[in-house]
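Position one of the sequence shown corresponds to residue 0 (numbering that gives the first Met the number 0), numbered consecutively onward.
Before any comments, here is the structure.
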Amino acid sequence: MLAAQQAATLVDVPTVVVATRSIPQGLAAMVAFDPDRSLDENRTAMLDAAAAVKTGLVTTAVRDSVSGGVAIRQGDYLGIAEGAIVAAGSELLSIVRRLMEALIDPDASLVTVLAGAGVDDQTVEDVVSAIAAAWPELEVEAHRGGQPVYSFIFSVE
């Protein structure tokens, strides 16, 4: 954030840095940008878009531990909702379901799935199908994010 703020001082055009806490929030803010709006209108729209996003992550545990009352074993999938571990276990689709239960609220309409590096197409399809089957009222879309640490990054809007 500090680097972005410093970079903004180096340009000769009015610039605002929109602070976000996650990749999905940053993506939502970028999508909300409209070159036909004023700087202040864009700032407001981008901040509103970022604030409307909930972020979920799936990664793999590197060691045994306990976090927030959740027992974790090395190699387990970890479901992280808004920074808190909400699920751990060996069955990916079970972890994804518990993660989505923590993220999806009645106002949700879209789940975006960003698949990480090394996740095969069938696994991506299985994850998307599981979410769509459990929440048929939601639009679910998937993209290749290619991120190295997280098998999946989820954006719930």
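Each residue gets a CB set at the ideal place from its N, CA and C atoms; glycine is no exception.
Contact check, residue i vs residue j under 8 Å by CB: the rounded distance?
{"i": "Gly144", "j": "Leu113", "result": "3 Å"}
{"i": "Ser150", "j": "Gly115", "result": "5 Å"}
{"i": "Ser21", "j": "Thr54", "result": "4 Å"}
With a threshold of 16 other CB atoms inside 10 Å of the CB of residue i, please say whether the residue is buried or exposed.
{"i": "Pro135", "result": "exposed"}
{"i": "Met99", "result": "buried"}
{"i": "Gly74", "result": "exposed"}
{"i": "Leu1", "result": "exposed"}
{"i": "Leu26", "result": "buried"}
{"i": "Gly117", "result": "exposed"}
{"i": "Gln24", "result": "buried"}
{"i": "Ala87", "result": "buried"}
Could you check where the alpha helix (DSSP H) with residue i kicks off and where it finishes?
{"i": "Ser66", "result": "First-last for Ser66: Ser64 to Ser66, but that is the beta strand (DSSP E), not the alpha helix (DSSP H)."}
{"i": "Pro3", "result": "Per the sequence shown, the amino acid found at residue 3 is Ala instead of Pro. That run of the alpha helix (DSSP H) goes Leu1 to Ala7."}
{"i": "Thr122", "result": "Asp120 to Ala133"}
{"i": "Thr14", "result": "Where Thr14 is concerned, there is no enclosing alpha helix (DSSP H), given that its DSSP letter is neither H nor E."}
{"i": "Ile94", "result": "Leu91 to Leu102"}
{"i": "Ala31", "result": "Ile22 to Ala31"}
{"i": "Thr43", "result": "Leu38 to Ala50"}
From the options, pick the residue whose C-alpha is nearest to that of residue i; which is it?
{"i": "Ala133", "options": "Arg97, Asp120 and Thr43", "result": "Arg97"}
{"i": "Val110", "options": "Tyr149, Asp11 and Val139", "result": "Val139"}
{"i": "Met45", "options": "Val57, Phe32, Leu56 and Ser154", "result": "Phe32"}
{"i": "Gly68", "options": "Val95, Val52 and Val85", "result": "Val85"}
{"i": "Pro147", "options": "Ala131, Leu26, Val155 and Val57", "result": "Val57"}
{"i": "Ser157", "options": "Thr8, Ser154, Glu90 and Val118", "result": "Beyond the ends of the chain as shown, which are 0 and 156, falls residue 157; an answer cannot be given."}
{"i": "Glu90", "options": "Gly55, Thr122 and Met29", "result": "Thr122"}
{"i": "Pro105", "options": "His142, Val95, Gln4 and Ala51", "result": "Ala51"}
{"i": "Ala225", "options": "Ala49, Arg72 and Ala60", "result": "Within the shown structure, residues of the chain are numbered from 0 to 156, placing residue 225 beyond reach of any answer."}
{"i": "Ala80", "options": "Gln5, Ala7, Asp125 and Ile152", "result": "Ile152"}
{"i": "Val126", "options": "Leu137, Val95 and Glu156", "result": "Val95"}
{"i": "Gly77", "options": "Asp119, Thr59, Gln5 and Ala3", "result": "Note on identity: in this sequence residue 77 is Leu, with Gly being the wrong assignment. Per the Cα distances, Thr59."}
{"i": "Gly82", "options": "Asp119, His142, Ser66 and Gln5", "result": "Ser66"}
{"i": "Asp47", "options": "Ala28, Arg62, Val61 and Pro34", "result": "Ala28"}
Just curious, the beta strand (DSSP E) that residue i is in, first and last residue?
{"i": "Ala83", "result": "Ala83 to Gly88"}
{"i": "Arg143", "result": "Glu138 to Arg143"}
{"i": "Thr59", "result": "Lys53 to Thr59"}
{"i": "Gly78", "result": "Tyr76 to Ala80"}
{"i": "Ser154", "result": "Phe151 to Val155"}
Three Cβ pairs or more, each shorter than 8 Å: is that satisfied between the stretch 8-20 and the stretch 33-46? yes
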